[in-house]
Structures are given as C-alpha cells and as structure tokens.
Amino acid sequence: MELKKEFKCKILGFRYDKNRIPGIDILLNDKQNFKFEETEIITEHTPGHTSGHIIFFFKKEKYLFTGDTLFSFGCGRLFEGSYLDMVNSLKKIKKLPTDTKIFFGHEYTSNNLIFSKNLTQNNKALKTNYEKFLKDLNKKKFSTPSTLEVENKFNIFLQFDNEKFKKEINLNHLNELDFFKKIRDLKDNA
Numbered sequence: 020m021e022l023k024k025e026f027k028c029k030i031l032g033f034r035y036d037k038n039r040i041p042g043i044d045i046l047l048n049d050k051q052n053f054k055f056e057e058t059e060i061i062t063e064h065t066p067g068h069t070s071g072h073i074i075f076f077f078k079k080e081k082y083l084f085t086g087d088t089l090f091s092f093g094c095g096r097l098f099e100g101s102y103l104d105m106v107n108s109l110k111k112i113k114k115l116p117t118d119t120k121i122f123f124g125h126e127y128t129s130n131n132l133i134f135s136k137n138l139t140q141n142n143k144a145l146k147t148n149y150e151k152f153l154k155d156l157n158k159k160k161f162s163t164p165s166t167l168e169v170e171n172k173f174n175i176f177l178q179f180d181n182e183k184f185k186k187e188i189n190l191n192h193l194n195e196l197d198f199f200k201k202i203r204d205l206k207d208n209a
C-alpha cells in the first residue's frame with residue numbers, strides 16, 4: 020500500500036484474488052484485453068504457482084511478463100496449484116510467438132542452469148548457454164529478457180512434450196504430466 024500511495028498507481032489483479040490481495044483497483048479476467056496508454060495487453064490466468072496467478076502479454080511489442088510461472092531456464096514452484104495446472108499454464112506460454120521477449124519475476128537463472136546442466140550432462144548446447152550466462156553475469160549483463168525461442172529450446176520444464184529430449188535423459192517412458200512432475204520434484208529437492 021505504501022508503494023501505491025508513493026507512486027499514485029493502481030493495482031491490477033486477477034478477479035479470484037480480490038479478497039486475497041489488498042488494494043486491488045482493477046479486477047482482471049482470464050483472456051481479458053485492456054489498454055495501457057497505446058499498448059494492448061492480454062491477461063492470461065496461469066495457475067500453478069498460485070491459484071490466481073496471471074501473466075501479461077503485450078501483443079504489439081511481443082513482451083510477456085510471466086511473474087512466477089516461467090523463469091529463465093526454470094518455472095515456479097507449486098504452492099497452490101497442481102502439476103496439471105502448471106503444465107497447462109506453460110502450454111499457454113509455449114503457444115505464443117517464438118520471438119516473444121520474456122520478463123521474469125525473479126532472477127534464478129544461475130541455479131536453474133546448474134540444475135539443468137547436471138540433469139542433462141551430455142547436452143552441449145545447454146552447457147554453452149551456461150558458460151555464456153556466466154560470462155554475461157561477469158560483465159553485469161542481465162539474463163532477462165529471454166525469448167520464447169530460447170526457453171522452448173533449453174528450458175527443461177518446457178520439454179514435457181519433447182520425446183527426443185525425454186529419451187536423452189531416460190524419462191521417455193513418462194507422459195507429459197508425469198515428466199513435468201518428476202522434473203519439478205527433482206528441482207524442489209535439489
């Protein structure tokens with residue numbers, strides 16, 4: 020509330036969170052379009068991390084603000100949602116244009132890359148990305164924004180439908196949901 024007063028701003032929130040988030044001024048619905056200045060923004064309900072989690076897609080600019088649904092080379096923990104909720108939410112993201120720039124809610128790139136690199140020890144492309152990230156970090160560069168193209172290619176949490184990748188790490192016997200559950204559980208216990 021202090022930030023709201025200081026910046027004289029309005030708080031936008033998903034309609035299911037109206038009693039959970041104090042001070043919401045504008046209640047948003049799933050797939051709702053709204054304008055901010057000259058920009059058209061689409062709200063998507065993406066439960067998994069929380070039951071009322073939403074993401075914002077800036078249509079013309081192809082910017083996606085994912086909050087805690089998707090991170091660079093990772094995804095959010097499940098606090099209120101189910102594994103199925105999160106997989107379905109990630110599928111919504113995967114359908115966006117591949118040149119979409121993704122802005123994340125937190126900086127977990129290093130830990131996510133270490134986890135992925137350890138799980139996929141033979142993946143040279145992932146190792147190269149990890150080394151590039153470390154060099155960029157040393158040069159004070161940011162890991163965000165990423166692009167959906169990069170995340171679709173390297174984010175282990177988006178590989179639930181990639182049979183070649185699942186085979187590479189000996190999890191091709193698992194369906195999409197069980198694969199995601201296995202990876203999420205491994206990360207949570209890492």
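For any residue, its number in the working numbering is found by taking its place in the sequence shown, counting from 1, and adding 19. For every residue, glycine included, the Cβ atom is placed at its ideal position computed from N, Cα and C.
Practice task
Select from Asn48, Phe84 and Leu109 the residue whose C-alpha is nearest the C-alpha of glutamine 178.
Solution key: Leu109
Handout entry: Whole-Å CB distance - asparagine 48 paired with arginine 34, under 8 Å assumed
Key = 6 Å
Practice task
Look at the Cβ atom of leucine 83, then the Cβ atom of phenylalanine 92, and state whether they are nearer than 8 Å.
Solution key: no
Practice task
Return the first residue and the last residue of the beta strand (DSSP E) that tyrosine 82 is part of.
Solution key: 82-86
Exercise for the section: For asparagine 189, count neighbouring Cβ atoms within 10 angstroms of its own Cβ and tell me buried if that reaches 16, exposed if not. Expected result: exposed
Handout entry: Within the region 65-151, ranges of the alpha helix (DSSP H) (whole runs, at least 4 residues)
Key = Within the region 65-151, the runs of alpha helix (DSSP H) that reach at least 4 residues and sit entirely inside it are, in chain order, 102-113 and 128-138.
Problem - Rounded separation between glutamate 25 and leucine 196 - CA only - result: 44 Å
Practice task
Name, in chain order, the residues that DSSP records as bridge partners for serine 165.
Solution key: Ile121
Exercise for the section: Measure the beta-carbon distance from threonine 85 to isoleucine 112 and round it to whole angstroms, keeping in mind my assumption that it falls under 8 Å. Expected result: 7 Å
Problem - cysteine 28 burial status per 10 Å Cβ neighbour count (16 or more: buried) - result: exposed
Exercise for the section: Within 10 angstroms of the Cβ of methionine 105, are there 16 or more other Cβ atoms? Answer buried if so, exposed if not. Expected result: buried
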